[in-house]
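Chemist: Let me give you the structure first, and then I'll get to my questions.
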Amino acid sequence: MKQKIRWGIIGLGNIAHSFVKDLALVEDAVISAVASRGAEKAKVFAEEYRVPLAFGSYEELLECEEVDVVYIATPHSLHANLSIMAMDLGKHVLCEKPLGMDKREVERMISSAKKNKVFLMEALWSRFNPAIRKVKSLVESGEIGNVTYLHADFAFYAMDRDLQGRVLNPKLGGGSLLDIGIYPIFLAYLLLGKPDEILSTSDFHTNGAEIQTSMIFKYPHTHAILYSGFNSKSEMTVQIAGEKGTIVIPNRWHQAQGYRINKENEEKVFNLPTHGKGYFYEIEEVHTCLAEGKIESDLWSHQNSLDLIGLMDTVRNQNGINFS
Ligand SMILES: NC(=O)c1ccc[n+]([C@@H]2O[C@H](COP(=O)([O-])OP(=O)(O)OC[C@H]3O[C@@H](n4cnc5c(N)ncnc54)[C@H](OP(=O)(O)O)[C@@H]3O)[C@@H](O)[C@H]2O)c1
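Numbering (this note's numbering), first residue to last: 568 to 891.
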């Protein structure tokens, strides 16, 4: 029998609950330990998901011998230090997006993976979504001809959230750009690469958090129109328009369950439902890479994470978005 890969989860908020359910769907994965800043919270989570070990501090989990891979699900501002602490203790790491707050942090994290010879990947789950992978291959094979226009938006209403919570608190990396703007930027980068030029503008909350950002990524023959926001709910769809046709990824595109192709006035619908919510695929990728002794994924490499944060740094700098 194949040896199971033992997972630990750090930071038991919303995403940890979704992730642990998909982890249960991966045959050779086992959840060994969870850690919270509060022992009681860890105990309750562990009871709900039948996790053998529950820790009241992150350090205890990182030092635990019964964990191979740590999934870091904390606010953005803690990603780099916790990942590096984990890797220095010999753990492999799957860290929630964005990998770090800026390029310098991501560089430090990648150095740590190399130094410790452990696996590190940004949990950019949409990269592994079957419909998005299919759309990428269709675009690359020229199915819709040269792409001239891409639209991707991601916005939901969050202005009523706690100003101390991770979504609206700049000190925790709050604001729409790093939280959800990362998805449209990721898609443009995945399908079109790095743009020649970025035009962008942002609005801010009275507490300094960035609450909406519009971006145009300019390529030699393509405009990508990207948007993220917390002050309204947008359609959350993707349109990729080429000279020979258009691909639409319907709402909510970042966890796509299929896509549509429109060519010569005929529309075809393709359903590609995910297994579980969709975290399943990034977990499988971690397992595949570990089995091959890799320290990074080919599908979402260290360089990909560096490029992505570099694009976000540019947008940040253009608009004075800061996290202090
Ligand atoms: N891939 C996706 O679909 C997806 C979706 C949502 C979020 N995310 C990412 O996942 C990460 C967590 O997001 P979330 O929505 O799960 O956030 P959340 O519900 O606020 O949970 C974050 C957890 O981090 C821990 N934490 C440590 N220090 C904290 C602090 N100073 N303030 C608040 N919490 C702190 C807390 O866990 P303990 O109390 O247990 O220590 C908290 O429950 C973020 O990086 C986010 O971008 C990804």
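Ideal placement from N, C-alpha and C gives every residue a C-beta, glycine not left out.
For E900, which option in E615, G712, R728, S708 has the closest C-alpha, if you only look at C-alpha atoms?
Modeler: The structure shown does not extend to residue 900, since the chain spans only 568 to 891, so no value can be given for it.
Chemist: Rounded C-beta distance between T768 and S781? I'm assuming under 8 Å.
Modeler: For this step, residue 768 is matched to residue 201 along the sequence shown. For this step, residue 781 is matched to residue 214 along the sequence shown. Going by Cβ atoms, the distance from T768 to S781 rounds to 6 Å, so yes, they are a contact pair.
Chemist: Taking the CB atoms as reference points, tell me whether Y625 and F586 lie closer together than 9 Å.
Modeler: As a working note, residue 625 is residue 58 in the sequence shown. As a working note, residue 586 is residue 19 in the sequence shown. Their beta carbons are not under 9 Å apart, which means Y625 does not touch F586 by this criterion.
Chemist: Hey, how far is the Cα of K608 from the Cα of K588?
Modeler: Position 41 of the sequence shown, counted from the start, is the residue given in the question as residue 608. Position 21 of the sequence shown, counted from the start, is the residue given in the question as residue 588. Whole-angstrom Cα-Cα distance: 17 Å.
Chemist: Count the other C-beta atoms from every protein chain shown that fall within 10 angstroms of the C-beta of P642, then say buried if there are 16 or more, exposed otherwise.
Modeler: What you label residue 642 is simply residue 75 of the sequence shown in a count that begins at 1. With 16 or more Cβ atoms within 10 Å of its Cβ, P642 is classed as buried.
Chemist: Run through DSSP, which three-state label would Q824 get?
Modeler: One-based indexing of the sequence shown puts residue 824 at position 257. Q824 falls in the coil class under three-state DSSP.
Chemist: Which residue's Cα is closest to the Cα of F847: G667, A596, G578, Q570?
Modeler: Residue 847 sits at position 280 when you count from the first residue of the sequence shown. Ranking G667, A596, G578, Q570 by Cα distance to F847 puts A596 first.
Chemist: Quick one: what's I577 bridged to in DSSP?
Modeler: Position 10 of the sequence shown, counting from 1, holds the residue named residue 577. Answer is A602, I639.
Chemist: Might you give, ordered along the chain, the residues of its own chain that have their beta carbon closer than 7 Å to the beta carbon of I876, omitting 5 neighbours on each side?
Modeler: By one-based count along the sequence shown, residue 876 stands at place 309. The answer, listed in chain order, is P665, L666, G667, D669, K670, V673.
Chemist: State the CB to CB distance for the pair L757 and K703, rounded to an integer number of angstroms; the pair is presumed to be in contact (CB under 8 Å).
Modeler: The residue given as residue 757 occupies position 190 in the sequence shown. The residue given as residue 703 occupies position 136 in the sequence shown. Confirmed, about 6 Å.
Chemist: Per the DSSP calculation, D720 is bridged to which residue(s)?
Modeler: In the sequence shown, the residue the question calls residue 720 occupies position 153. Partner(s): Y794.
Chemist: Could you pull the start and end residues of the alpha helix (DSSP H) that C856 belongs to?
Modeler: Reading the sequence shown from its first residue, position 289 is the one you call residue 856. C856 -> alpha helix (DSSP H) spans 846-858.
Chemist: According to the Cβ coordinates, are L744 and I888 closer than 9 Å?
Modeler: Position 177 of the sequence shown, counted from the start, is the residue given in the question as residue 744. Position 321 of the sequence shown, counted from the start, is the residue given in the question as residue 888. Yes, the Cβ-Cβ distance between L744 and I888 is below 9 Å.
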